[in-house]
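These notes concern the structure reproduced below.
2 protein chains.
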Amino acid sequence: MKLATIQWEGQTRAAVQVSEGYLPLNARDLSELLSDGAWKQQLETALAAYAHNDAVPADAIEVLNPLPRPAKVICCGLNYSEHILEMGRELPEHPTLFAKYADTLTGPDAQIISRHSQHVDWEAELAVVVGERLADATPEEAAAAIAGYTVANDVSMRDWQRRTLQWFQGKAFDASTPIGPVIATADEVDPEAGLEVICRINGEEVQRGNTKTLVFSAARLVAYISQFTTLQPGDLILTGTPGGVGMGMEPPRFLQDGDVLETEIPGIGTLTNKISIRVAAESAA
Amino acid sequence: MKLATIQWEGQTRAAVQVSEGYLPLNARDLSELLSDGAWKQQLETALAAYAHNDAVPADAIEVLNPLPRPAKVICCGLNYSEHILEMGRELPEHPTLFAKYADTLTGPDAQIISRHSQHVDWEAELAVVVGERLADATPEEAAAAIAGYTVANDVSMRDWQRRTLQWFQGKAFDASTPIGPVIATADEVDPEAGLEVICRINGEEVQRGNTKTLVFSAARLVAYISQFTTLQPGDLILTGTPGGVGMGMEPPRFLQDGDVLETEIPGIGTLTNKISIRVAAESAA
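Residue numbers (UniProt numbering), protein chains in the order written: chain Z, 1 to 285; chain G, 1 to 285.
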């Protein structure tokens, strides 16, 4: 199944995709739906009661950021083996992790506005949505607790990221990380079998990787993180980006005002975000 | 004024210290109190109506983590000039920042339990409590928006912190960062004039610094952070630790099972946290 948070008749609602469009659920968004321990049953009940005339057509709604209020957004860097090996590095023993906040996220079609950086770079990623409370989980327990997967772009302000050794400040600009458009439930897609992760700028492909080459799988990442912090339903884990980011190009390439950034994982969906660079003279890097 | 979150008659309450003890306020904790835009007026009204028999004696309550639900906990590293200069480094141009979550915090008298690290180190710090919504603030605006200050210890799992280049995983263990015991309002203490920041283990002083030597003052840090992310009332900014951490000793020294960690800022208060090391054999570093 594919779950979404939609804007419909002036309100936001959690919804499930059906052939005729979207079936609204009894929660204002997927953060609220997932925080209900019985969300799978609610979904089954709604689908069992589904009559064709209950669905809202796709052209009557707007698809929003599916998870507006995760308590934790934890990201992994350096996680695609082919990219690490091509850079001449050894595979890491532990995942490199950093944090974002709910405010960092934005919608699948939202404009991304940079007011303080002209070094805006792209990082197409698979994101994992936690479906149950998890502490000190094994990889098997973690796998069973994954609600689903979504598409993310860990858009990074490289100048801010490199001001110090800690990446956080370049990764935590408000409304800079688009996610969505839907959460594909865990029975729908299998990252270990392989999902393509693709990034395009104005239609030109700049990144393509496959999640089967992740050093730390979704389940291993979730299990690892649960050793130090308890994860809750609706928390989001970004799994890292494959090769092809702008910072690694010669010369480095950054997103320009007006660029259209597309991030796609076939089987889940596509994010389409227009870039707006509005740096005042005194903030220019 | 000194504000606290207290446990009293089976419930938690925001409260203000008065000479006879604590005056409970109309909020379940300081996170809720500060999220009310009229918290200063509520405080004034409560104090104006204060009769001696309204106060709860200190021995009838327990002092809890003052801010149980900040949306953001952002920390600065490498911020004491005397420590940076004694290490032979240059003063940084930008603050080094990393993130914690609300779950990372714990109470001023709570036991700190380490189940996955035997390299538990101390970092006594001044923490800044944001009192108003702030985006793209000047240092002057930031200074005016500071609700107050509290004591924190950024207890760090050095083995996890050093597994990768990003410190986050060693800094974000659940219930590892004690804060409190009170929030001293901004009219009560002045970090730029100088507050001593002291850490003791089993009574032995291991750290002593003064906030007047901070490279980035509280107001500058808050203003800087507000350039990339909007701060909300109740958000917490940790300002960094002075010299004297265990990792810098020869040989390195870490907290042992049963140690009592005291963190004091005269004028605000003292945290007293007993350390419990409960590492299973397979997790031992």
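The beta carbon of each residue, even a glycine, is placed where N, CA and C say it ideally should be.
In three-state DSSP terms, what is ARG253 (chain G)?
-> Coil at ARG253 (chain G), not helix or strand.
What are the complete alpha helix (DSSP H) segments, minimum 4 residues, inside the region 55–119 of chain Z?
-> You should have 81–86.
Assuming SER276 (chain G) and GLN111 (chain G) make a contact with CB atoms under 8 Å, what is their CB distance in whole Å?
-> Correct: roughly 5 Å between the Cβ atoms.
Unbroken stretches of the alpha helix (DSSP H), 4 residues or longer, contained in the region 215–269 of chain Z = Listed in chain order, the complete alpha helix (DSSP H) runs (minimum 4 residues) inside the region 215–269 of chain Z are 218–228.
Output the boundary residues of the alpha helix (DSSP H) element that contains THR177 (chain G).
-> Here THR177 (chain G) belongs to no alpha helix (DSSP H); instead the beta strand (DSSP E) covers 177–185.
Identify every residue that forms a DSSP beta bridge with residue 297 (chain Z).
-> Absent from the model: residue 297 (chain Z). The displayed extent of chain Z is 1 to 285, so no value can be given.
For ASN202 (chain Z), the three-state DSSP class (helix, strand or coil) = Coil, per DSSP.
Based on the DSSP secondary-structure assignment, which residues constitute the bridge partners of residue 298 (chain G)?
-> Outside the modelled stretch of chain G, which goes from 1 to 285, sits residue 298 (chain G), for which no answer is possible.
How many angstroms separate the CA atom of ALA38 (chain Z) from the CA atom of GLY131 (chain Z)?
-> When the Cα atoms are used, ALA38 (chain Z) and GLY131 (chain Z) turn out to be separated by approximately 11 Å.
Reference CYS76 (chain G); option with closest CA among G:LEU34, G:ILE225, G:GLU250 and G:GLY240 = CYS76 (chain G) has its Cα closest to that of G:GLY240, out of G:LEU34, G:ILE225, G:GLU250 and G:GLY240.
To the nearest whole angstrom, what separates the beta carbons of LEU105 (chain G) and ASN65 (chain G), a pair I think is in contact under 8 Å?
-> That belief holds up - the Cβ atoms of LEU105 (chain G) and ASN65 (chain G) are roughly 6 Å apart, short of 8 Å.
Tell me whether GLY170 (chain Z) sits in a helix, a strand or coil according to DSSP, three-state version.
-> The DSSP-derived three-state label of GLY170 (chain Z) is helix.
Is the beta carbon of GLY10 (chain Z) sitting closer than 7 Å to the one on VAL151 (chain Z)?
-> In this structure, the beta-carbon distance from GLY10 (chain Z) to VAL151 (chain Z) does not fall below 7 Å.
Can we say the region 39–52 of chain G touches the region 15–23 of chain G, given the rule of at least three CB pairs closer than 8 Å?
-> Yes: at least three Cβ pairs fall under 8 Å.
Can you check whether the CB of ALA223 (chain G) is closer than 7 Å to the CB of ALA142 (chain G)?
-> Cβ atoms of ALA142 (chain G) and ALA223 (chain G): closer than 7 Å.
Starting from the beta carbon of TYR101 (chain G), find every residue of chain Z whose beta carbon is closer than 8 Å, and list them in chain order.
-> What TYR101 (chain G) touches in chain Z: ALA71, LYS72, ALA99 and THR229.
Distance, VAL279 (chain G) Cα to ALA285 (chain G) Cα | Because ALA285 (chain G) carries a pLDDT of 40, less than 50, the predicted location of this residue cannot be relied on, and the following value inherits that uncertainty. Answer to the nearest angstrom: the Cα atoms are 9 Å apart.
Kindly indicate which three-state DSSP category SER156 (chain G) falls into: helix, strand or coil?
-> Strand at SER156 (chain G).
Work out the CA separation of VAL189 (chain G) and ALA144 (chain Z) for me, nearest whole Å.
-> Their backbone Cα atoms lie some 50 Å apart in a straight line.
On the DSSP bridge assignment, give the partners of ALA15 (chain Z) in chain order.
-> DSSP output for ALA15 (chain Z) lists Z:ALA4 and Z:PRO24 as bridge partner(s).
So which residues of chain G does HIS94 (chain Z) contact, with C-beta pairs closer than 9 Å?
-> In chain order: TRP160, ARG163, THR164 and GLN169.
Return the bridge partner residues of GLY148 (chain G) from the DSSP annotation.
-> GLY148 (chain G) pairs with G:VAL129 and G:THR185.
If you draw a straight line from the alpha carbon of SER19 (chain Z) to that of GLN227 (chain Z), how long is it in whole angstroms?
-> Spanning the two alpha carbons is a distance of roughly 40 Å.
Would you say HIS116 (chain G) reaches chain Z, if we count a Cβ-Cβ gap shorter than 7 Å as a contact?
-> Chain Z, which has a Cβ nearer than 7 Å to the Cβ of HIS116 (chain G), makes this yes.
Test item: CB-CB of ASP174 (chain G) and THR263 (chain Z) under 7 Å = Result no, Cβ atoms of ASP174 (chain G) and THR263 (chain Z) do not sit closer than 7 Å.
Rounded C-beta distance between VAL73 (chain Z) and LEU236 (chain Z)? I'm assuming under 8 Å.
-> Sure, about 5 Å apart at Cβ, within 8 Å.
Please name the residue, chosen from G:ALA135, G:TYR101 and G:LEU126, that lies closest to HIS116 (chain Z) on a Cα-to-Cα basis.
-> Nearest option by C-alpha distance: G:ALA135.
How big is the Cα-Cα spacing for GLU90 (chain G) and ASN79 (chain G)?
-> Cα to Cα, the separation comes out at about 11 Å.
Residues within the region 168–196 of chain Z neighbouring chain G, beta-carbon criterion of under 8 Å | Those residues of the region 168–196 of chain Z that come within reach of chain G (Cβ to Cβ, closer than 8 Å) are PHE168, GLN169, ALA172, PHE173 and ASP174.
Could you tell me how far apart the beta carbons of LEU43 (chain G) and MET1 (chain G) are, in whole angstroms, since I believe they sit closer than 8 Å?
-> With 8 Å as the limit, LEU43 (chain G) and MET1 (chain G) qualify as a contact, their Cβ atoms being about 7 Å apart.
Would MET249 (chain Z) be called buried (16 or more neighbouring beta carbons within 10 Å of its own) or exposed?
-> By the Cβ neighbour-count rule, MET249 (chain Z) is exposed, with fewer than 16 other Cβ atoms within 10 Å of its own.
Distance CB(GLN256 (chain Z))-CB(ALA124 (chain Z)) smaller than 7 Å = GLN256 (chain Z) is not a Cβ neighbour of ALA124 (chain Z), given a cutoff of 7 Å.
Could you tell me the distance, in whole angstroms, from the CA atom of LYS212 (chain G) to the CA atom of VAL260 (chain G)?
-> Cα to Cα, LYS212 (chain G) sits roughly 27 Å from VAL260 (chain G).
C-alpha gap between GLU32 (chain Z) and ILE6 (chain Z), whole angstroms = Taking the straight line from one Cα to the other gives about 13 Å.
Could you give the distance in angstroms between the alpha-carbon of GLY246 (chain Z) and the alpha-carbon of SER156 (chain Z)?
-> Answer to the nearest angstrom: the Cα atoms are 10 Å apart.
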